[in-house]
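Here's the structure, in structure tokens; my notes come after.
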Amino acid sequence: MLQRVILAIFLLSATAAAQTPVDGPTAYATRCAVCHGGDGNGSERAPGIVSALPRATDAQLGAIIRLGTEGGMPPQTMPDTELAVLIAHLRTMQAPAARRGRGPRQGTIRLSDGTQVEGLVIGESSFDINIRTDDGKTSRFIRQGTSETFSRASILPKKDWVDYDNGDNNRYLDATQINRDNVKNMTLRWMYPVLNHARLENTPVVVDGIMYVTGWNEAWALDAVTGRRIWNYGQDRSDGLISEAGRSANRGVALDDNHVYMVTDHAHLLALDRWTGERVWDTEMADYKQQYAATAAPLVVGDLVIAGIAGGEEGVRGFLDAYDAKTGKLAWRFWTIPTRDDPEAATWIGSALEHGCGATWLTGAYDASLDLLYWTVGNPCPDYDGSERLGDNLYTNSVLALRPTTGELVWYYQFTPHDTHDWDAQQPTVLVDTVWRGQQRKLMLQSSRNGMFYVLDRTDGKVLLAEKTFDRVNWNKGLDATGRPILTEGSEATPEGTIICPGAGGGSNWQSTAYNPQTKLFYVTLTEGCANYKSITQDFELGRRYFGGTAARAGDRARYVRAFNIETGEKVWDFPLRGTGRNGSGTLTTAGGLVFSGEEGGGFMALDAATGEKLWSVDLNQSWSASPMSYVVGGKQFVSIAGQVGFFTFGLPD
Ligand code: HEC
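When the letters of the sequence shown are read in order and numbered with numbering that gives the first Met the number 0, they come out as residues 0 to 653.
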């Protein structure tokens, strides 16, 4: 009898299911919520799944759901159609956008002059409101006391941070409101939390009071004064990427009048509507199944969007691209690695050329006065084994000066020819116009991963100065007259291992460097250390990192924020970085006489730009992977940095 009842119920529910197809939210609510919680953040019965979702492919999720796990997840049978809508729903749960409270509502406010503003209420607090009007633009209004009357928040006076390194790449903001005397009062003004991003490497861009930031295949526009969200764009993360792009690295956006440009983990370039975040176009730069990836903030030059590629340990063939800003069509491509038929192939003797790498994963700089685009190129592959790529391996570890309209090469300088240390040249190129040794000059500064500090003449690429950033740098005995390094004996990786300084992470790495025209000093976070570089014969294999060796730390290692005199290359001051944490943060400098950077202990600090003395710090317990920036909105200066768990913005108390 009982069996028959059960059978009847079963038949009943089976027919019911067949008649009304279940939607994703219902499937989740009835089958999963009891254990994983209504929002996927877990309950006493089962752990949260939201943070695990981005790591699992649809097929893997399907298998977990259908087969269960040994740890207590029960198997569930369901039709394919239901499984599909359920998985689609799970994907929306992983996007922070979908989990953030109520959606916008329509609203009208009255301004003090009697006029009314009507639109979507994007954000609201007891003291202000953000409204998106019909033209798509979002403005901020300040409540007058506790009344229902508002006044329009002023954006002016303002100082924008226009792109990744801010224009000439100096990481300098000409603002003095926060300065040596008052920085001790600086406090956290707002924080925007971002979940499920293993690592934020973003530098915010701020234009007209709106901050644009990115994470892993996501972008946000935030009110730069309050941090409140204006829009959020997100798309699926890609499977199978073995580089940093597959672990959430994305460094930010470029802007023009109406668009925001960003790259995705799987090497697409996107244009988003600047006011709403809607996708306008989407161009595939290269096939991610070949391990092409992208992480760098693009750069807008005229009507073109310049975008680099990642995959510099995965055996890709590197290039730099320019796309039409309106259509997303490719305008030109500069291959950083030649084909066998190109003259540069003479600098690649052996079999490695086809997977020579030379990625372009750090944003370059544009000089309008010379109409030159500068972009740096990454290491050759395999990183540590040079035996199948004898020669200089052009254009790896170089800075390129290109004509931005055509991609034509005007000059290049190779910092480390035939590298076997992973000393890619992905360090910022800082453009400085100043009197240098008595002569007005157009300079380019770079603190290189190879342990040297360079000053180039950026009109022609001639080296004006190359000095060791620390005493132990032992791979060269200076440069010859042509600017080529003179190697010391045993400066290459070998099968037995050779101790060479600096270590594999550099000297410097990709973190921001800053130049302050007032102190005339150049600021950099630097590692003093060495490594045992060993080469191993490794055949290229798609989907496996193509290092061809190892670089194990050898001896002591010390880290500093260091200031250099750019005329002599001499160290002016040091601030020792101590602590057990990770500090992948660079430097920012301001006209207030300050240098900002992360601390190894998880804090964020301000140093005196002239002396290196610490003037302020706050313990945030973050692992830093991003560099700081600064901006002014409505006459108020802010300093901002991305941490592990979101975006932090500081300012003086009101
Ligand atoms: C009876 C409770 C229960 C129900 C119902 C349940 N789960 Fe689970 N689930 C678990 C437990 C317990 C684990 C942890 C298992 C382990 O560690 O092996 C888990 C693990 C998972 C994981 C892996 C998480 C990770 O960190 O790797 C996913 C994904 C998942 N569940 C999805 C679902 C979905 C989707 C549903 C609905 C179709 C569902 N679960 C229904 C108990 C449940």
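Built from N, CA and C at the ideal position, the CB exists for glycine as well. This structure is a prediction, so every number in the text was calculated from the model and none was measured.
Alpha-carbon to alpha-carbon, Q290 and A253: 24 Å
CB contact flag (D426, T549, <8 Å): With the sequence shown as reference, residue 426 is identified as Gln, and Asp is not the correct amino acid for it. It is not a contact, given that the beta carbons lie outside the stated cut-off.
Any alpha helix (DSSP H) of 4 or more consecutive residues that is wholly inside the segment 370-431: none
Any non-hydrogen atom of ligand 1 closer than 7 Å to T68 Cβ: yes
Separation of L271 from K325, as counted between CA atoms: 11 Å
H35 Cβ short of 7 Å to ligand 1 heavy atom set: yes
Burial state of A562 (16 or more Cβ within 10 Å): buried
Reduced DSSP secondary structure (H/G/I, E/B, other) of R3: For R3, the pLDDT reaches just 43, beneath the cut-off of 50, and the residue's location in the model is therefore unreliable, although a value from the coordinates is still provided. In the structure shown, R3 sits in a helix (DSSP, three-state: H, G or I).
Straight-line gap, D302 to I64 (C-alpha atoms, nearest Å): 48 Å
Straight-line Cα distance separating N231 from A96: Residue confidence is low: A96 scores 43 on pLDDT, short of 50, so the model does not pin down where it sits. No coordinate-derived value is stated.
Residues bridged to D127 (per DSSP): Its beta-bridge partners are I141.
Cβ pair E598, S616 closer than 8 Å: yes
Helix, strand or coil at L66 according to DSSP, with G and I counted as helix: helix
Distance, G357 Cα to V376 Cα: Between the alpha carbons of V376 and G357 lies a gap of roughly 5 Å.
The segment 584-603 contacting the segment 535-550, beta-carbon criterion three pairs below 8 Å: no
I640, buried or exposed, once every other Cβ within 10 Å from all chains shown has been counted against 16: buried
Beta carbon of A292 nearer than 8 Å to that of G363: No.
Identified DSSP bridge partners for F637: Y630, G650
Per-residue DSSP class, three states only, for G642: coil
Check whether F521 and I565 have beta carbons under 8 Å apart: Yes; because the gap between Cβ atoms is below 8 Å, this pair is in contact.
R227 versus P203 - alpha carbon distance: The alpha-carbon separation between R227 and P203 amounts to approximately 14 Å.
Alpha carbon of P156 to alpha carbon of W219, nearest angstrom: Near 24 Å, if we compare the C-alpha coordinates of W219 and P156.
Entirely enclosed beta strand (DSSP E) segments - the segment 556-596, minimum 3 residues: Runs of the beta strand (DSSP E) inside the segment 556-596: 570-576, 587-589.
Y291 (DSSP reduced to helix, strand or coil): coil
Close Cβ partners of W435 (< 8 Å) along its chain, the five nearest in sequence each way excluded: L442, V454, L463, I565, E566
Cross-strand partners of T524 (DSSP beta bridge): As computed with DSSP, T524 is found in a beta bridge with V560.
Range covered by the beta strand (DSSP E) that runs through A270: Secondary structure note for A270: its beta strand (DSSP E) is the uninterrupted segment 267-272.
Cβ-based burial, V33 [other Cβ within 10 Å; buried from 16]: exposed
CA nearest to the CA of T487, picked from S368, T493, N473, N396: N473
CB of W274 within 8 Å of CB of K467, strictly: no
beta-carbon M92 near ligand 1 non-hydrogen atom, thresh 7 Å: no
Selection from Q643, P652, L651 that minimises the alpha carbon distance to P192: Q643
Beta-carbon contacts of D323 that lie in its chain and below 6 Å, excluding the five residues immediately before and after: A330
The beta strand (DSSP E) enclosing T29, as first and last residue numbers: Per DSSP, T29 belongs to no beta strand (DSSP E); it is in the alpha helix (DSSP H), 23-30.
Within 8 Å, strictly: CB atoms of G208 and V224: yes
Straight-line Cα distance separating R142 from C380: 58 Å
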